[in-house]
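Before any comments, here is the structure.
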């Protein structure tokens, strides 16, 4: 791995573990096994390096989401596959956690990739839900955009609840709770809805 | 206000703005207008002071939640009142944001009030949902515990999405999306569910 690569990967790890405020240029250099001169040869400073790290992490998150959301199956099935995919729950979301970092929020260039990533994710899930409504899999009363925002929020809030509890359980429970609510909207016209005397 | 009070209130503000890692004893003393000797006279150190601050913030969060969840009205109405209550969305949740702080997570005494607060909130909302199922307001297929975790996660994740976007809109959208899903479960037995030819 090149020095520049090692610096980016070390920054990604440290941002995930310690956040931006908690990560010093010194700590990055130490983890990357790179000198100060070498770091400033490749990057203008901590924020430039953080931008490269955040951009890469955001790209990975999108690719992982697209693998499930663009996969085979119905709308609910693809969304369930995405929500239930294996995650390092107790480490938190490497993108979402940065929104709690005051210095990231104060720097437009660093906040931008967070905005784009979650904007993309909400739109992508809304499009899958709209497909489901269109095909008759989901009932016509469902609001795809609002529902998509709720589902993305469940994931991000699930990390918060899991970290607070010190166990992954609340994350899994929140995901199943959301999928339970979504499943109840899977009532195509003509078939009786919940509580209407299903066999 | 006594010096000890000023120290606690200053710590609460700084934890909300900067997090625990980003808050130095020095910054607390400066904001409280208290000297170092005075701070260590009242508190053993930064973590002792943070515990007092977090405990108080957590108590306020509970009281605000209980005011809506224990108020008048049906289950869905009370939950909607709680989810929609006025919040400083872009500042984030003063309790939830601490779960992204590595030094809070590493200190059992500081993590404990976060665990208790969210544990209490999930149980309180689950109890309101269970009342709604019991009274026939919500359909019997609803899982109160899982749904409650999903709703608390929507709030916490809503803060994340709003901060990422730099606007409150995604928070409000996620809340309305969740309430839309919940409203669809309000189908008492005997009445037709969604899609079953409502007038």
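Chains as they are written, first to last, in UniProt numbering: chain A, 1 to 199; chain B, 1 to 199.
Glycine included, every Cβ here is placed at the ideal spot set by N, Cα and C.
Reduced DSSP secondary structure (H/G/I, E/B, other) of residue i
| i | result |
| --- | --- |
| residue 23 of chain B | coil |
| residue 97 of chain A | helix |
| residue 86 of chain B | coil |
| residue 10 of chain B | helix |
| residue 2 of chain B | coil |
Residue i versus residue j: straight-line alpha-carbon distance, rounded
| i | j | result |
| --- | --- | --- |
| residue 75 of chain A | residue 155 of chain A | 18 Å |
| residue 118 of chain A | residue 55 of chain A | 13 Å |
| residue 89 of chain A | residue 168 of chain A | 6 Å |
| residue 281 of chain A | residue 101 of chain A | Nothing about residue 281 of chain A can be reported from this structure: the residues present for chain A run from 1 to 199 only. |
| residue 121 of chain B | residue 82 of chain A | 26 Å |
| residue 57 of chain B | residue 36 of chain B | 24 Å |
| residue 96 of chain A | residue 161 of chain B | 8 Å |
| residue 4 of chain A | residue 18 of chain A | 21 Å |
| residue 80 of chain B | residue 73 of chain B | 10 Å |
| residue 94 of chain B | residue 135 of chain A | 42 Å |
| residue 147 of chain A | residue 183 of chain B | 12 Å |
| residue 173 of chain A | residue 108 of chain A | 35 Å |
| residue 151 of chain B | residue 43 of chain B | 37 Å |
| residue 133 of chain B | residue 178 of chain B | 17 Å |
| residue 140 of chain A | residue 62 of chain A | 28 Å |
| residue 198 of chain B | residue 70 of chain A | Confidence is the limiting factor: at residue 198 of chain B the pLDDT is only 39, short of 50, which leaves the residue's position unreliable and the question unanswerable from this model. |
| residue 115 of chain A | residue 41 of chain B | 44 Å |
| residue 191 of chain B | residue 137 of chain A | Reliability fails at residue 191 of chain B, whose pLDDT of 47 lies under 50, so the model's placement of it is uncertain and the value that follows must be treated cautiously. Approximately 22 Å, taken between the alpha carbons. |
| residue 196 of chain A | residue 59 of chain A | For residue 196 of chain A, the predicted model reports a pLDDT of 40, less than 50, meaning its position is unreliable; a value from the coordinates is still stated below. Each residue's Cα considered, the two are about 45 Å apart. |
| residue 6 of chain B | residue 144 of chain B | 41 Å |
| residue 46 of chain B | residue 34 of chain B | 14 Å |
| residue 181 of chain A | residue 126 of chain B | 14 Å |
| residue 186 of chain B | residue 131 of chain A | 25 Å |
| residue 78 of chain B | residue 123 of chain A | 30 Å |
| residue 53 of chain B | residue 26 of chain B | 16 Å |
| residue 288 of chain B | residue 28 of chain A | This structure gives no information on residue 288 of chain B, because the portion of chain B shown stretches from 1 to 199. |
Residue interval of the alpha helix (DSSP H) (run including residue i)
| i | result |
| --- | --- |
| residue 36 of chain B | 36 to 42 |
| residue 105 of chain A | 102 to 105 |
| residue 168 of chain A | No alpha helix (DSSP H) contains residue 168 of chain A, which DSSP labels as neither H nor E. |
| residue 62 of chain B | 46 to 69 |
Best match in the options for proximity to residue i [C-alpha to C-alpha]
| i | options | result |
| --- | --- | --- |
| residue 48 of chain B | B:96, B:8, B:83 | B:8 |
| residue 31 of chain A | A:12, A:111, A:116 | A:12 |
| residue 68 of chain B | B:115, B:58, B:85, B:60 | B:85 |
| residue 103 of chain A | A:24, A:134, A:64, A:180 | A:24 |
| residue 2 of chain A | A:98, A:141, A:38 | A:38 |
| residue 164 of chain A | B:34, B:111, B:172, B:133 | B:111 |
| residue 106 of chain A | A:21, A:5, A:4, A:145 | A:21 |
| residue 10 of chain A | A:50, A:40, A:139, A:45 | A:50 |
| residue 175 of chain B | A:166, A:153, A:170, A:40 | A:153 |
| residue 157 of chain A | B:181, B:29, B:171 | B:171 |
| residue 15 of chain B | B:59, B:91, B:123, B:181 | B:91 |
| residue 128 of chain A | A:66, A:159, A:99, A:98 | A:66 |
| residue 166 of chain B | A:99, A:123, A:159, A:126 | A:99 |
| residue 64 of chain B | B:52, B:53, B:87 | B:87 |
Residue i Cβ short of 6 Å to the ligand HEM heavy atom set
| i | result |
| --- | --- |
| residue 79 of chain B | Judged by which ligands are present, the structure shown has none, so any question about the ligand HEM falls away. |
Fill in: Ranges of the beta strand (DSSP E) found wholly within the segment 112 to 192 of chain A, counting only runs of at least 3
Assignment of beta strand (DSSP E) within the segment 112 to 192 of chain A, counting only whole runs of 3 or more residues, yields no such run.
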